[in-house]
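Each residue of the sequence shown is one higher than the last, beginning at 1224 in the numbering used here. Cβ coordinates follow ideal geometry from the N, Cα and C atoms, glycine included. Below is one structure, written out as structure tokens; the observations come after it.
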Amino acid sequence: MSLSRGLFAGNGECGSSPYSKLFFMVIIIAFLIVCIVTFPSNMTCPSWNSHISASKASIHHTCNGPSDRKNLNIFIVFHKHADHKLSTHDSSYHTLFAVNPSIAKEIDSSMTEFDIIHEYNLTWFDPLFQECGYNEASAIVHVGMNQLHKKLKFIGFSQYDIRLPETQSLVQKNTCLYALAGFNVMDEPIFPQLLFFDAYNKWYNTNFTISDLKRISLMKFGSSEPQIPLLSTFVIPVEAYEVLYPFWLSFMYNLFIPCKITTNGIPKHHRHVGGIMERVFGASLVLCDTILKFHFMGMEDLGTKSVNYDSKGDGDGYETAPEIVDKWHDILKTRKC
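What follows is the structure in structure tokens.
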């Protein structure tokens, strides 16, 4: 029997000859070698669409390989004055993040090397948060909603009146770097504890209580007293941020009515909702499975808070204007956030 006859004849003889078996093995090996050599080594992950139900916004996510990812970026949030004292930060991994379009920006000439992002010029922008006193929380969710984190390994947030130490060498997997920690103002009604745990447990299908938060905090901080990161200032792996920011956004919308309208014991001064979110960030970071430990990075108070507010104050002494509250109440009814 010829080799060709054994291969192509329809009588089943190809399985009976050792030569035909050898030929098949050679063909298969050659095919595998060709596949390995010609398969593109720079193949990237496909893109996909993700819908965040809380915002009712469709967002395009792209999966990027490690080779084109920046290690760290810290967004310095400011609403008026970016002082020259901030220029000592490393501009290669610090970005100025300007919020509130109603206030003219004063950026010191020493800050020219820094990238600047204006929140109100982003593709996805919701002015509700700045108009109603959410403060830094607005920037923290706008970064995610505009996918500014997608090429990062670590992401951080700070603010205009503090200076962080050199942070690049401190970042670690599964670790949250924090500037200040505490456990103050965590009781009802000042902090809507029941509302927070109900929302968190429904979102993540968990069953945490305040006792669990304290217990987990002691373990992850390695401290004798429960703590959470404060000041809306932290640096975390981007994997943790991606898990958390959709919940943060949802909870920010859910806070509007209890913080601005309902008579319930929650202080109604303009920026109290920002203080609540500061603690929501901290508590969420402690409860997050991706964060296994907390590392103190410290900070320096630059003493520039006073130059960023006019005689009206920073929001502790007045309530959000009634016409603003009414406007957003009507808008949120139609959005069904």
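Beta-bridge analysis with DSSP links S1381 to I1299. Pairing N1369 with W1347 gives a Cβ-Cβ distance under 8 Å. When the beta-carbon positions are compared, F1406 and P1449 come within less than 8 Å of each other. Taking C-beta atoms under 8 Å as the contact rule, V1503 and F1474 qualify, at a distance of about 6 Å. I1340 is bridged by DSSP to F1320.
Secondary structure at V1394: coil, using DSSP grouped into helix, strand and coil. The shortest CA-to-CA distance from I1489 to any of E1542, E1465, F1457 is the one to E1542. DSSP places R1502 in the helix class (H, G or I) of the three-state scheme. Taking 8 Å as the cut-off, the Cβ atoms of L1467 and E1501 do not count as close. By the C-beta density criterion, R1494 is buried, having at least 16 other C-beta atoms within 10 angstroms. Assigned with DSSP and collapsed to three states, P1388 falls in coil, not helix or strand. In the DSSP secondary-structure assignment, L1400 is bridged to V1458, H1518. Just measuring C-alpha positions, the residue of I1326, K1308, A1321, L1351 sitting nearest D1549 is L1351.
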